[in-house]
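Chemist: If you count the sequence shown from 1, you need to add 1 to reach my numbering.
Have a look at the structure that comes next, please.
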Amino acid sequence: MGPLQGGPEAGGPGPAGGPPRGDQDNARRGERAQVGEAGQPGGGRGVRRRGGEAVVDTNLLIYYFFEDQERRGEAIRVLEGLEIWVVPAVVLMELAWFCRGIGLGWRETRDLMVSVLMREEVKVEPLTEEDFLEALSTCGDPLEFEDELILAVAERLGLPVATLDSELRERASSRGVPVLP
């Protein structure tokens, strides 16, 4: 079966997945997670949306779409509480890299990516030259560059960052970027 295509409301088991950013080394060592099956965009369980929008970090998408992640419930609450998921282009790249890193085939990765892109809540945000310049000026470690791009997008748009990554939360807070949850 392929990656969960609509969200956690769909259920069924699927291929291997793994932990989000920060815990990706565990995934590289072979720990596996189950991925759910296709569901309806926008949530199919009658979840009422609170509204609002936030720049979404990769780890939330991983926790949301890979069913045996221990923080999945938290990711579901955060994402389904948003009306708009602003997904920087770099987050889509990280999601594809994650899928490749845990051994998902191209078909499963492609299906997951298409399902993310087709969700009515998702607004893909292109990266600008200014985003890159900001990230390059604030990044102290090349392993943090993608997170710095995510923060640059949040700063440019004046939106909070939705993440469960403790390091990104700290960096965002230190720069005055609101963080969800």
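We put the beta carbon where it would ideally sit given N, CA and C, even for glycine.
Predicted, not measured: the structure shown is a model, and the values here were computed from it.
If we require 4 or more residues per run, which alpha helix (DSSP H) segments fall completely within the segment 92 to 180?
Modeler: Within the segment 92 to 180, the complete alpha helix (DSSP H) runs of at least 4 residues are 107 to 119, 130 to 139, 146 to 158 and 167 to 175.
Chemist: Start and end of the beta strand (DSSP E) containing glutamate 54?
Modeler: 54 to 57 is the extent of the beta strand (DSSP E) around glutamate 54.
Chemist: Specify, as a first and last residue, the run of the alpha helix (DSSP H) that glutamate 68 falls within.
Modeler: Segment: none, glutamate 68 is in no alpha helix (DSSP H) and carries neither H nor E.
Chemist: Isoleucine 77 to glycine 159, Cα distance in whole Å?
Modeler: C-alpha separation (whole angstroms): 23 Å.
Chemist: Residues in its own chain within less than 6 Å of aspartate 148 by CB, not counting five upstream and five downstream?
Modeler: Excluding sequence neighbours, aspartate 148 sits near Leu169.
Chemist: Cα separation between leucine 93 and serine 175?
Modeler: Roughly 25 Å separates the two Cα atoms.
Chemist: Here's the rule: buried if 16 or more other CB atoms are within 10 angstroms of the residue's CB, otherwise exposed. What is serine 167?
Modeler: Counting Cβ neighbours within 10 Å, serine 167 comes out exposed, since fewer than 16 surround it.
Chemist: For glutamate 130 and leucine 150, I'd like the C-alpha separation in whole angstroms.
Modeler: Answer to the nearest angstrom: the Cα atoms are 11 Å apart.
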